[in-house]
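Each remark here refers to the structure printed beneath this line.
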């Protein structure tokens, strides 16, 4: 459940009621789909239902908490058993009681904008010059606004996708075994060698090659020496055993 809550938290368009993206249904649908993929749920409907249950439970927990504080303000910790995910869902608290405020504030600002204009024109509509220029600029303005919305959607989804890729790459890196120290050493030597001129690189490669060959030859010679010593030891032990076996026959009387 913690992973599900953190995944939804990455997409403010699903819970931040003050954000412009919160009113963009296409963007929210895309975000729900991303949450479904990241949480391995079967459908977007299941994701929404799960989030609704969490949100309702958090609202009930806040209500119980406020009622408890109202009954006994001097002792807020008395008989206070917080909800299990209270801390994880805390980011949602500023947006729980202001769902309709963005729309109301937008309506109020629109009213405030129209009132001075009405007073200036004596309660009449716009002048004829404004009404003539408005139809010409309106399609352009709508086109620009639509492009801005599309750009905002792409930017939002790209950021979300980059976060998801970073998380997957981080988890993949954590699952890898630690690198071998010898690989690290030779990789660093390789990077250092690349900075030298090409003739110097050839000399370094020749020196390294000769060092490796010499080490291999020395190892083979050492192994052969051990093998010959072992063979000699085995031969001497077998000959001594044969001599001990023949000794009783020599002591027998003729």
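Numbering (full-length UniProt numbering), first residue to last: 1 to 254.
Cβ atoms here follow ideal geometry from the backbone N, Cα and C, with glycine treated the same way.
Predicted model, so just to flag it, every value in this text is computed and none were measured.
- If you draw a straight line from the Cα of residue 16 to the Cα of residue 93, it is about 10 Å long.
- Sequence-distant partners of residue 32 (beyond 5 residues in either direction) whose C-beta falls short of 6 Å from its own C-beta, in its chain, are 44 and 47.
- Here the alpha carbons of residue 3 and residue 58 stand approximately 17 Å from one another.
- The stretch 183-208 is shown to contain no whole beta strand (DSSP E) run of 3 or more residues.
- In the DSSP assignment, residue 4 falls within the unbroken alpha helix (DSSP H) covering 2-9.
- Excluding sequence positions up to five before and after residue 6, its CB lies less than 7 Å from no other CB in the same chain.
- Taking a 10 Å sphere around the C-beta of residue 26, we find fewer than 16 other C-beta atoms and assign the residue as exposed.
- Residue 85 sits in coil when the DSSP states are folded into three classes, being neither helix nor strand.
- For residue 30, the enclosing alpha helix (DSSP H) begins and ends at 25-39.
- In the displayed model, residue 68 falls within a helix according to three-state DSSP.
- Residue 35 sits buried, since 16 or more C-beta atoms from the chains shown fall within 10 Å of its C-beta.
- Cβ contact annotation for residue 82 (same chain, cutoff 8 Å, sequence separation greater than five): 61 and 65, in chain order.
- Residue 49 counts as exposed, since fewer than 16 other beta carbons sit within 10 angstroms of its beta carbon.
- When the beta-carbon positions are compared, residue 201 and residue 207 stay at least 8 Å from each other.
- Remark: C-beta atoms of residue 24 and residue 13 approach each other more closely than 8 Å.
- Excluding residues up to 5 positions away in sequence, 204 lie with their Cβ nearer than 8 Å to the Cβ of residue 196 in the same chain.
- Contact check for residue 54 against residue 89 passes: the beta carbons are separated by less than 8 Å.
- For residue 86, the CB contacts under 8 Å within the same chain, skipping 5 residues up- and downstream, are 58 and 61 in chain order.
- Considering only 51, 63 and 95, the residue with the shortest C-alpha distance to residue 19 is 95.
- One Cα belongs to residue 212, the other to residue 218, and the distance between them is close to 10 Å.
- When secondary structure is reduced to three states using DSSP, residue 180 falls in the coil class, being assigned neither helix nor strand.
- Per the coordinates, the alpha-carbon of residue 224 lies some 21 Å from the alpha-carbon of residue 210.
- In the displayed model, residue 231 falls within a helix according to three-state DSSP.
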